[in-house]
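A.B. asks:
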Amino acid sequence: MKANCWMGRNTVEVREVPDPTIMNSRDAIVRVTSTAICGSDLHLYDGYVPTMKKGDVLGHEFMGEVVEVGPGVPNLKVGDRVVVPFPIACGDCTSCAHGMYSVCENSNPNAGLAEKFMGHAPAGIFGYSHMLGGYPGGQAEYARVPFADVGPIKIESGLPDEKVLFLSDILPTGWMGAEMCGIRPGDVIAVWGAGPVGQFAIASAFLMGAERVIAIDRFAYRLRIAERAGAETLNYEEADVRDALQDMTAGRGPDACIDAVGMEAHHAHPTIYAYDRTKQATRLETDRPYALREAIMACRNGGTVSVIGVYAGFLDKFPMGAIMNRSLTLRSGQCHVQRYLKPLLQKIEDGDIDPSFVITHRLPLREAPRAYDMFKNKLDDCNKVVLSA
Ligand code: NAD
Ligand code: ZN
Ligand code: ZN
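Converting from the sequence shown to the numbering used here requires adding 1331 to each position, the first position being numbered 1.
(1) Distance, Cα to Cα, Lys1610 vs His1374?
(2) For Val1592, which residues of its own chain have a beta-carbon under 7 Å away from its beta-carbon, when the five flanking residues on both sides are left out?
(3) Under 8 Å by Cβ, that's how I've got Tyr1379 and Glu1595 pegged, so tell me the actual separation to the nearest angstrom.
(4) Which of the three DSSP states is assigned to Ile1360 in this structure?
(5) Look at the Cβ atom of Asn1335, then the Cβ atom of Gly1401, and state whether they are nearer than 8 Å.
(6) Is the beta carbon of Gly1469 closer than 8 Å to that of Phe1531?
(7) Starting from the C-beta of Arg1340, find all residues in its chain whose C-beta is less than 6 Å away, skip the five residues before and the five after it, and write them out in chain order.
(8) Nearest to Tyr1466 by CA position, among Thr1352, Pro1405, Ile1589, is which residue?
(9) Just to confirm my understanding: we take Gly1517, look at its own chain, exclude 5 residues before and 5 after, and list those with CB closer than 6 Å. What are they?
(10) From this set, Ile1589, Asp1607, Glu1396, which residue's C-alpha is nearest His1597's C-alpha?
(11) Please return the same chain residues whose Cβ sits closer than 7 Å to the Cβ of Gly1390, not counting the five positions on each side in sequence.
(12) Are Ala1534 and Gly1513 close, meaning C-beta to C-beta below 8 Å?
(13) Could you check the C-alpha separation between Met1332 and Val1345 for me, to the nearest Å?
(14) Three-state secondary structure (DSSP) at Asn1335?
(15) Hey, out of Cys1588, Glu1680, Glu1436, Ala1551, whose CA is closest to Val1544's CA?
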């Protein structure tokens, strides 16, 4: 089959790879009909996630048609249409029992590698490095889905792929980012990063009753999408973000701040940017945490900082003093997607949200290299790319 493979920094290639096969009784094989490129894929593309190997199949946002099921998957049959959540989770361990699927204790065969970086191992993730399991991803014609009796959700309502595909990751991720803010009526929520994940965090914050949402980015076309969702916007190249947020909140700061940027943040100031960029390039730090630092500093006393942007390792100049002395709460996680599938599918079916608004580009899988370049470099106002097999 054809699959989009990681070939080194800034290089992906659509290559011929072996077809996946059933390896365990709880596996299913899915013929991928739609798959997307995520900001998380850019961290791999840019070479900031350790333990990638040349030839690894990328992709963790995908859906399709079941073409084969193992004997331990009673809930699925050949021909079913399914969306597959990006964390691989067994459904039985203590973490899964608590709904913490992205830290499943049974799905990461390379747990030892992850423990070296993080103390304990999180779950396996499709197409997301060997320390997260080394599972081939879904930017491919077919994918093997382990624990298929737990993860995939069946789509029986005939909704088109583009309305349900983002249940695999970014819609639940934006939702969880807002949920971790503990939003109360009247709250002001600030969101760093107006990419697709930030856009879903904005939409979710409003659905949860936020009075105002303020979106921060530097790309006018992305800020326009945030505006259409009802957000106020700040371009961090034009305004001092912390000052502006103070002004907009009567000097108190937002009630909660969402980091939907992660480890590859940019900074408007060239010298400050060069400092972290150099430390990251020479591996003296793994992440460039401007958005996170700013979110912590801007948040009101006693507020919550919700981190859904992905970080890989160790940060410099982390303002722990602000967190401690100002009673801030820091919450984070890879999304526990399985937990949100049913309620969010219901919201899509009820017409409360149509996630397809984030899509700007639709391309065939064979054009993945061009799609990565376009998404990374924000060419042609690229916001979200869907690849079809
Ligand atoms: P994206 O790259 O399309 O968007 C990131 C946005 O952040 C860009 O528009 C960029 O201009 C903006 N940005 C950069 N520096 C900034 C700064 N200093 N202040 C404000 N904005 C800044 O990516 P995406 O697909 O929207 O994903 C966003 C993040 O969410 C990534 O880190 C991704 O890995 C992460 N993610 C996490 C989960 C999870 O489960 N927690 C799931 C999916 C994605
Ligand atoms: Zn993703
Ligand atoms: Zn588990």
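Quick reminder that beta carbons are idealized off the backbone N, C-alpha and C, glycines included.
C.D. replies: Taking the definition as stated:
(1) As a first step, residue 1610 must be located in the sequence shown, where it is residue number 279. As a first step, residue 1374 must be located in the sequence shown, where it is residue number 43. Roughly 16 Å separates the two Cα atoms.
(2) Start at 1 with the first residue of the sequence shown, and residue 1592 comes out as number 261. Only Trp1523, Gly1524, Ala1622, Gly1640 meet the Cβ criterion.
(3) The residue given as residue 1379 occupies position 48 in the sequence shown. The residue given as residue 1595 occupies position 264 in the sequence shown. About 7 Å separates the two Cβ atoms, so the contact holds.
(4) Here the question's residue 1360 lines up with position 29 in the sequence shown. In this structure, Ile1360 counts as strand in the three-state DSSP scheme.
(5) Residue numbering aside, residue 1335 sits at position 4 when the sequence shown is read from its first letter. Residue numbering aside, residue 1401 sits at position 70 when the sequence shown is read from its first letter. For Asn1335 and Gly1401, no; Cβs fall outside 8 Å.
(6) As a first step, residue 1531 must be located in the sequence shown, where it is residue number 200. As a first step, residue 1469 must be located in the sequence shown, where it is residue number 138. Going by C-beta atoms, Phe1531 is not nearer than 8 Å to Gly1469.
(7) Residue numbering aside, residue 1340 sits at position 9 when the sequence shown is read from its first letter. Result list for Arg1340: Gly1378, in chain order.
(8) Counting from 1 along the sequence shown, the entry for residue 1466 is found at position 135. Taking only the C-alpha atoms, the option nearest Tyr1466 is Thr1352.
(9) Here residue 1517 is taken as the residue at index 186 of the sequence shown, counted from 1. Within the same chain, Gly1517 has close Cβ partners Glu1542.
(10) Your numbering for residue 1597 matches position 266 in the sequence shown. For the residues Ile1589, Asp1607, Glu1396, the minimum Cα distance to His1597 belongs to Asp1607.
(11) Residue numbering aside, residue 1390 sits at position 59 when the sequence shown is read from its first letter. Cβ neighbours of Gly1390 beyond the five flanking positions: Asn1335, Thr1366, Phe1457, Gly1458, Gly1468, Gly1469, Gln1470, Ala1471.
(12) Locating residue 1534 in the sequence shown gives position 203, where the first residue counts as 1. Locating residue 1513 in the sequence shown gives position 182, where the first residue counts as 1. No, they are not a contact pair.
(13) The residue you call residue 1332 lines up with position 1 of the sequence shown. The residue you call residue 1345 lines up with position 14 of the sequence shown. If you take the alpha carbons of Met1332 and Val1345, they lie about 10 Å apart.
(14) As a working mapping, residue 1335 is identified with position 4 in the sequence shown. Asn1335 falls in the strand class under three-state DSSP.
(15) Counted from its first residue, the sequence shown places residue 1544 at position 213. Checked all of Cys1588, Glu1680, Glu1436, Ala1551; the closest Cα to Val1544 is Cys1588.
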